[in-house]
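Asker: Below is one structure. I have some questions about it.
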Amino acid sequence: MNKNEQFYDKQYEYMDQIFDAKVEAYHHDKVELVEKNGLKKDLNILELGSGNGEFAVAAAMHEHHVSAVEIIPHAISKMFELAKENNVTRRIKAHQDSFYTILLADKFDAICYWDGFGVGTDADQQLLLHNIDYWLKPDGRVFIDVFAPAYWAKTAGQFIELSQTVCRQYDFDIDTNRMLDTWWLTENPDEKKQQSLRCYEVAEFEKMLIGTSLAIEEIIPGGKMDYDNWIYHKQVPMEEAMIYTVIIRKK
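Numbering (my numbering), first residue to last: -1 to 249.
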């Protein structure tokens, strides 16, 4: 298990102490975003980094078929628990693997990577985008959440007490444009787990599509968190957003 896998394995363990996985309105909104972009019903969707499966289950509840790629076994188990609760197990197929190396025979109407792009190096992201190019149907669409560097640079040092037992802190490496996300247990502050996510300006992201048949169709600014008042603003101007969604098609 590499460093990233160790982080996600521990993160899911910590998350279990904070809340139960469930499908929220937010996840249905993501499905509807996919549906609104000229795509038909009964889609064949690929989700990369599916986590506990909230989006995958929401998509299955909308009568789509989902292939979920997730590297952590515990998260896959949680996904199928959630799928069973919502009677959509037959619409979800799980692959425990890395999306950098997995071999998929199917082609997909929609490929989604929510809240996680930027793991690894720029070369890793380019490899992933080439894989996505191969997996995408000619008339399909790709939806990728990208972390915005300006927001995370301003958020550096932000400490969050997620619960009585779990803490989190955001930092930012300005030399590499990477958001640093550190989790630990209150009772054990010396044992911290950290992920590092590359943040991209839109122009930087677009350069990584060179050599593929992919092109940006639309960019949707996301929201931001007001930590002083503990309020989340669902959508803000691009220059303020913590994340933005890139919608991609074939040229």
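The C-beta atom is built at its ideal place from N, Cα and C for all residues, glycine as well.
Considering Cα atoms alone, identify which of Val140, His231, Asp171, Asp131 is closest to Gly155.
Answerer: If we check each option's Cα against that of Gly155, Asp171 comes out closest.
Asker: Does DSSP put Asn85 in a helix, in a strand, or in coil?
Answerer: Three-state DSSP puts Asn85 in coil, outside helix and strand.
Asker: Report yes or no: do the region 41 to 48 and the region 106 to 124 share at least 3 C-beta pairs separated by less than 8 Å?
Answerer: As far as the Cβ criterion goes, the region 41 to 48 touches the region 106 to 124, which means the pair count is three or higher.
Asker: If we require 3 or more residues per run, which beta strand (DSSP E) segments fall completely within the region 191 to 221?
Answerer: List check, beta strand (DSSP E) in window: 212 to 219.
Asker: According to DSSP, what are the bridge partners of Asn175?
Answerer: Per DSSP, none; premise fails for Asn175.
Asker: Do the region 54 to 66 and the region 86 to 95 make contact, defined as three or more Cβ pairs closer than 8 Å?
Answerer: Touching, per the Cβ criterion.
Asker: Tell me Ala19's beta-bridge partners as DSSP assigns them.
Answerer: According to DSSP, Ala19 bridges with nothing at all.
Asker: Cβ atoms of Gly116 and Met166: under 7 Å apart, would you say?
Answerer: Just to set this straight, residue 166 is Arg in the shown sequence, not Met. Result no, Cβ atoms of Arg166 and Gly116 do not sit closer than 7 Å.
Asker: Give the DSSP-derived three-state secondary structure of Tyr149 in the structure shown.
Answerer: Here Tyr149 sits in helix by DSSP.
Asker: Tell me the DSSP secondary structure of Trp228 in three-state form.
Answerer: Looking at Trp228 - three-state DSSP - the assignment turns out to be coil, as it is neither helix nor strand.
Asker: In whole angstroms, what is the alpha-carbon distance linking Met236 and Ile214?
Answerer: Using only the alpha carbons, I get a separation of about 16 Å.
Asker: If you follow the alpha helix (DSSP H) that Tyr132 is part of, which residue opens it and which one closes it?
Answerer: Taken as a continuous stretch (DSSP letters only), the alpha helix (DSSP H) holding Tyr132 covers 120 to 133.
Asker: I'd like to know whether the C-beta atoms of Gln124 and Met59 end up nearer to each other than 7 Å.
Answerer: Cβ atoms of Gln124 and Met59: not closer than 7 Å.
Asker: Looking at the strands, I want to know which residues DSSP matches up with Ser96.
Answerer: None; Ser96 has no bridge partner.
Asker: State the CB to CB distance for the pair Thr163 and Thr184, rounded to an integer number of angstroms; the pair is presumed to be in contact (CB under 8 Å).
Answerer: Thr163 to Thr184, Cβ: 5 Å. Contact.
Asker: Below 8 Å CB to CB, which residues in the same chain sit around Pro136 once its five sequence neighbours on both sides are set aside?
Answerer: So the list reads Lys248, once near-sequence residues are dropped.
Asker: Should the region 236 to 245 be called in touch with the region 139 to 148, which here means at least 3 C-beta pairs below 8 Å?
Answerer: Output reads yes: the region 139 to 148 touches the region 236 to 245.
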